[in-house]
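If you're matching positions, the sequence shown starts at 1 in UniProt numbering and goes up one per residue.
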Amino acid sequence: MLKKIFVILGIIVGLVIVAGGAGVWYMYHSVKTTANKIYDPTEPKTQSDSKELQNQKPFSILLLGVDQRKGDPGRSDTMIALTLNPTKKSMLMVSIPRDSKAEIVGHGSISKINSAYAYGGSKMALDTFNKFLGVNFNHYIRINMEGLADLVDAVGGVNVHNDISWHDEGYYKKGYYYQKGDITLDTGAKALGYVRMRHLDNRGDFGRNQRQRDVIMAVINKAASFSSFSKYQDILKAIQSNVKTNLTFEDMKNIAQNYRDCRQNVTNYEVKGNDDWEKTSSGQKVYYLSVPEDEKQRARDLISEQQQ
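If you want it as structure tokens, here you go:
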């Protein structure tokens with residue numbers, strides 16, 4: 001029995017969305033199994049959440065890219081507020097720089113926003129983001145940074161446009177040349193080196209976040225073109241090993257069926273701020289990005305407009 005299904009599972013270094021095509025029952029069952037394995041709610045689901053998706057209302061998700069290593073819970077070095085509007089067929093991606101100075105909700109401290117995940121996992125990261133920006137997101141998708149490499153390998157590499165050229169410092173292979181222009185990231189390791197670099201880019205985190213968004217969209221578009229079930233099995237394996245979310249399988253089905261055209265029109269925005277150096281009690285200087293209220297309001301307005 002043939003069933004047409006479309007699948008969007010969010011994933012990045014962060015976060016990445018993978019879109020799929022038609023499949024038989026076996027494919028449907030594989031996707032459902034993957035969705036159940038990565039489901040990890042931070043708080044009880046509400047009926048309004050499901051109705052929002054069923055009624056094709058604008059829908060927002062926080063994408064967290066965590067650089068997690070053995071013995072270290074990691075920090076959410078990538079934080080992207082993703083809002084989908086099926087009526088406008090558009091997607092808004094608002095990036096929050098990892099060094100943004102924020103109140104860590106539930107921890108009683110002021111620190112860099114990426115530390116919230118280290119202190120309290122996805123829930124504290126989500127609560128801190130909501131307080132920081134003055135919004136009310138209920139959903140998150142978290143991916144281990146290493147998972148981005150697995151996904152790029154699963155789709156067989158991606159093509160991106162590189163704004164600057166540089167020789168790799170060792171994130172991929174020391175001395176490897178990432179040339180300016182259209183390039184192919186044919187392995188996950190090469191893609192990870194591409195998105196992790198920031199010291200050789202005078203835009204710092206802003207440049208790195210742009211590269212992360214570009215790789216995310218390249219993975220989405222390449223995955224959406226597949227008709228081979230074997231390719232999807234590789235993608236699902238990568239997702240199972242590296243992703244957690246509080247979206248249920250039913251949520252994912254509704255997003256995939258009703259929101260898949262949103263990737264046709266993508267708008268990116270990076271929250272901006274001012275350099276701020278503060279002394280600790282030990283006399284050391286710590287760098288923060290201080291985001292003024294009018295800039296937070298600008299981001300809120302963009303999200304609000306996308307939600308209408």
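We treat Cβ as the ideally placed atom computed from N, Cα and C, and that holds for glycine.
The structure presented is a predicted model; accordingly, all values stated were derived computationally and were not measured.
- Determine the DSSP secondary structure at Glu270, reduced to helix, strand or coil. Along the sequence shown, one-based indexing puts residue 270 at 270. Correct three-state label for Glu270: strand.
- Item | Helix, strand or coil at residue 325 [DSSP, three-state] | In the structure displayed, the chain extends from 1 to 308; residue 325 sits before or after that span and is not available.
- Is it buried or exposed for Val286, if we count other Cβ within 10 angstroms and need 16 for buried? In the sequence shown, counting from the first residue as 1, residue 286 sits at position 286. Flag for Val286 reads exposed.
- Task: For the stretch 127-214, list the alpha helix (DSSP H) runs that are entirely contained and at least 4 residues long, ordered along the chain.
- Result: Entirely contained in the stretch 127-214, the alpha helix (DSSP H) runs reaching 4 residues are, in chain order, 145-154 and 188-196.
- Query: In or out: Gly138 buried (at least 16 other Cβ within 10 Å) or exposed?
  - Reply: Taking the sequence shown and counting its residues from 1, the one referred to as residue 138 is at position 138. One point to set straight first is that residue 138 is Asn, not Gly, in the sequence displayed. Only buried fits Asn138, as 16 or more other CB atoms lie within 10 angstroms of its CB.
- Query: Between Leu92 and Val135, what straight-line distance do the alpha-carbon atoms span, to the nearest angstrom?
  - Reply: To locate residue 92, count along the sequence shown from 1; it is residue 92. To locate residue 135, count along the sequence shown from 1; it is residue 135. Distance between the alpha carbons of Leu92 and Val135 is about 15 Å.
- Task: For the stretch 203-215 and the stretch 231-251, state whether three or more C-beta atom pairs, one from each stretch, are separated by less than 8 Å.
- Result: By the criterion of at least three beta-carbon pairs nearer than 8 Å, the stretch 203-215 is not in contact with the stretch 231-251.
- Task: Give a yes or no on whether the C-beta atoms belonging to Tyr288 and Asp99 are separated by under 7 Å.
- Result: Locating residue 288 in the sequence shown gives position 288, counting from the first residue. Locating residue 99 in the sequence shown gives position 99, counting from the first residue. The Cβ atoms of Tyr288 and Asp99 sit closer than 7 Å to each other.
- Beta-carbon gap between Leu126 and Leu63 smaller than 7 Å: Residue numbering aside, residue 126 sits at position 126 when the sequence shown is read from its first letter. Residue numbering aside, residue 63 sits at position 63 when the sequence shown is read from its first letter. It is not a contact, given that the beta carbons lie outside the stated cut-off.
- Message: Taking the beta carbon of Arg75 as the centre, do at least 16 other beta carbons fall within 10 Å, making it buried, or is it exposed?
- Response: Numbered from 1 along the sequence shown, position 75 holds the residue referred to as residue 75. Buried: at least 16 other Cβ atoms inside 10 Å.
- Are the stretch 117-124 and the stretch 171-182 in contact at 8 Å, needing three or more beta carbon pairs? Verdict: no, contact absent.
- Query: If you check the beta carbons only, do Ile96 and Val266 fall under 7 Å apart?
  - Reply: Along the sequence shown, read from residue 1 onward, the residue named residue 96 stands at position 96. Along the sequence shown, read from residue 1 onward, the residue named residue 266 stands at position 266. Contact: no.
- Item | Assumed close pair Ser165, Tyr176 - CB separation to whole angstroms, cut-off 8 Å | Taking the sequence shown and counting its residues from 1, one reaches residue 165 at position 165. Taking the sequence shown and counting its residues from 1, one reaches residue 176 at position 176. Their Cβ separation, rounded to whole angstroms, is 11 Å, which puts Ser165 and Tyr176 out of contact at 8 Å.
- Message: Going by the DSSP bridge assignment, what does Ile239 pair with across the sheet?
- Response: The residue you call residue 239 lines up with position 239 of the sequence shown. For Ile239, which the question treats as bridged, DSSP gives no partner whatsoever.
- Task: Measure the beta-carbon distance from Asp150 to Asn242 and round it to whole angstroms, keeping in mind my assumption that it falls under 8 Å.
- Result: Taking the first residue of the sequence shown as 1, we reach residue 150 at position 150. Taking the first residue of the sequence shown as 1, we reach residue 242 at position 242. That belief holds up - the Cβ atoms of Asp150 and Asn242 are roughly 6 Å apart, short of 8 Å.
- Message: Check for me: the beta strand (DSSP E) holding Ser90 runs from which residue to which?
- Response: Along the sequence shown, one-based indexing puts residue 90 at 90. Element bounds for Ser90: Ser90 to Ser95.
- Message: Just to confirm the assignment, what range does the beta strand (DSSP E) spanning Gly80 have?
- Response: Numbered from its first residue, the sequence shown carries residue 80 at position 80. The amino acid at residue 80 is misidentified as Gly; the sequence shows Ile. Element bounds for Ile80: Ser76 to Asn85.
- Return helix, strand or coil for Ile113, following the three-state DSSP convention. As a first step, residue 113 is located in the sequence shown; it is residue number 113 there, counting from the start. DSSP, reduced to helix, strand and coil, places Ile113 outside both helices and strands of the structure shown, so it counts as coil.
- Message: Looking at Pro58: is its Cβ nearer than 7 Å to the Cβ of Asn85?
- Response: As a working note, residue 58 is residue 58 in the sequence shown. As a working note, residue 85 is residue 85 in the sequence shown. Closer than 7 Å, so yes.
- Taking the alpha carbon of Gly106 as the point to measure from, which residue in Asp67, Ile255, Val195 and Lys131 has its own alpha carbon closest? Counting from one through the sequence shown, the residue named residue 106 turns up at place 106. The shortest Cα separation from Gly106 among Asp67, Ile255, Val195 and Lys131 belongs to Lys131.
- Query: Tell me which same chain residues have a C-beta within less than 6 Å of the C-beta of His161, skipping the five on either side of it?
  - Reply: Within the sequence shown, numbered from 1, the residue matching residue 161 stands at position 161. Within the same chain, Cβ atoms closer than 6 Å to the Cβ of His161 are found at Asp182, the five residues on either side in sequence being excluded.
- Cut-off 8 Å between Cβ atoms - residues of its own chain near Ser30, not counting five sequence neighbours on either side: In the sequence shown, residue 30 corresponds to position 30, counting from 1. Closer than 8 Å at the Cβ level, and outside the excluded window around Ser30, lie Tyr232, Gln233 and Leu236.
- Item | Rounded straight-line distance, which links the Cα of Gln307 to that of Glu52 | Start at 1 with the first residue of the sequence shown, and residue 52 comes out as number 52. Start at 1 with the first residue of the sequence shown, and residue 307 comes out as number 307. Approximately 12 Å, taken between the alpha carbons.
- Give me the Cα-Cα distance between Gln210 and Asp261, rounded to the nearest whole angstrom. For this step, residue 210 is matched to residue 210 along the sequence shown. For this step, residue 261 is matched to residue 261 along the sequence shown. For Gln210 and Asp261, the distance between alpha carbons rounds to 22 Å.
- Which residues mark the beginning and the end of the alpha helix (DSSP H) in which Lys253 is found? Walking along the sequence shown from the start, residue 253 turns up at place 253. From DSSP, the alpha helix (DSSP H) with Lys253 extends over Phe249 to Asn258.
- Message: Given this structure, state the Cα-to-Cα distance separating Gly157 from Asp186, to the nearest angstrom.
- Response: Here residue 157 is taken as the residue at index 157 of the sequence shown, counted from 1. Here residue 186 is taken as the residue at index 186 of the sequence shown, counted from 1. When rounded, the distance between both Cα atoms is 4 Å.
- Task: Flag this pair as yes or no: are the beta carbons of residue 333 and Gln240 separated by less than 7 Å?
- Result: Any question about residue 333 goes unanswered here, given that the chain covers just 1 to 308.
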